[in-house]
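A.B. asks: Supplied in structure tokens, the structure appears directly below.
See below:
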């Protein structure tokens, strides 16, 4: 009797665990639209540092502080294009200045 | 679509992509351990599902600016 019930109980347990994982994902809004996904990510980002601190206190050791990086990919994304176009736009005046300096240098040399 | 709105859409899209891929990975790991004896197939399949869902959401989000939205008058 028990030998017959055990596989059914095992299968039911597995289905419950897998179904529970999918339900938790659905209930947290992780499987919804783009807005819900970004809200869920913001919530996770807010919840991670206090959780890490709690676990560190529980285990009794400290993690080294995360190094702060000054570089921001969001701001630097277009920087290559911006610098190239800026260089192109000031190129005539820059060339003119260099030419004048060169001519002045040659004049000074010929004196 | 303004530059600012486009940037916000991209931000939302990338955040959603990260969430969906992570969720797919997590659910895939659960399925792999519970049903498939720790094979990698469910993990890759569910991660791919998450990536596909994120792609579809992004596509709809970018298209929504140009699609005519209508409401049914009751």
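Protein chains in written order, with the working numbering: chain A, 1 to 111; chain B, 1001 to 1074.
Even for Gly, the Cβ is constructed at its ideal location relative to N, Cα and C.
Below 7 Å between beta carbons: does that hold for residue 1050 (chain B) and residue 1021 (chain B)?
C.D. replies: For the purposes of this step, residue 1050 (chain B) is taken as the residue at position 50 of the second chain. For the purposes of this step, residue 1021 (chain B) is taken as the residue at position 21 of the second chain. Yes, Cβ-Cβ distance for residue 1050 (chain B) and residue 1021 (chain B) is below 7 Å.
A.B. asks: Candidates B:1033, B:1034, B:1027 and B:1031: which alpha carbon is nearest residue 31 (chain A)'s?
C.D. replies: The count along the first chain starts at 1 and reaches residue 31 (chain A) at position 31. The shortest C-alpha separation from residue 31 (chain A) is found at B:1027.
A.B. asks: Among B:1005, B:1038, B:1062 and B:1025, which has the Cα closest to the Cα of residue 1048 (chain B)?
C.D. replies: To locate residue 1048 (chain B), count along the second chain from 1; it is residue 48. The option with the nearest alpha carbon to residue 1048 (chain B) is B:1025.
A.B. asks: Can you list, in chain order, the residues of its chain with a C-beta nearer than 8 Å to that of residue 1044 (chain B)? Leave out the 5 residues immediately preceding and following it.
C.D. replies: The residue given as residue 1044 (chain B) occupies position 44 in the second chain. The answer, listed in chain order, is 1028.
A.B. asks: Starting from residue 22 (chain A), find everything on chain B with Cβ-Cβ shorter than 7 Å and list it in chain order.
C.D. replies: Sequence index remark: in the first chain, residue 22 (chain A) carries index 22 (1-based). 1027, listed in chain order.
A.B. asks: Is the Cβ-Cβ distance between residue 1015 (chain B) and residue 72 (chain A) less than 7 Å?
C.D. replies: Your numbering for residue 1015 (chain B) matches position 15 in the second chain. Your numbering for residue 72 (chain A) matches position 72 in the first chain. Not a contact, by the Cβ cut-off of 7 Å.
A.B. asks: So for residue 95 (chain A), helix, strand or coil by DSSP?
C.D. replies: Taking the first chain and counting its residues from 1, the one referred to as residue 95 (chain A) is at position 95. Residue state, collapsed to three classes: helix.
A.B. asks: If you measure between the beta carbons of residue 1009 (chain B) and residue 1061 (chain B), is that distance less than 7 Å?
C.D. replies: Translated into positions along the second chain, residue 1009 (chain B) becomes position 9. Translated into positions along the second chain, residue 1061 (chain B) becomes position 61. Yes.
A.B. asks: Drop a sphere of 10 angstroms on the beta-carbon of residue 1031 (chain B), count the other beta-carbons inside from all chains shown, and report buried for 16 or more, exposed for fewer.
C.D. replies: For the purposes of this step, residue 1031 (chain B) is taken as residue 31 along the second chain, with counting starting at 1. Residue 1031 (chain B) comes out buried.
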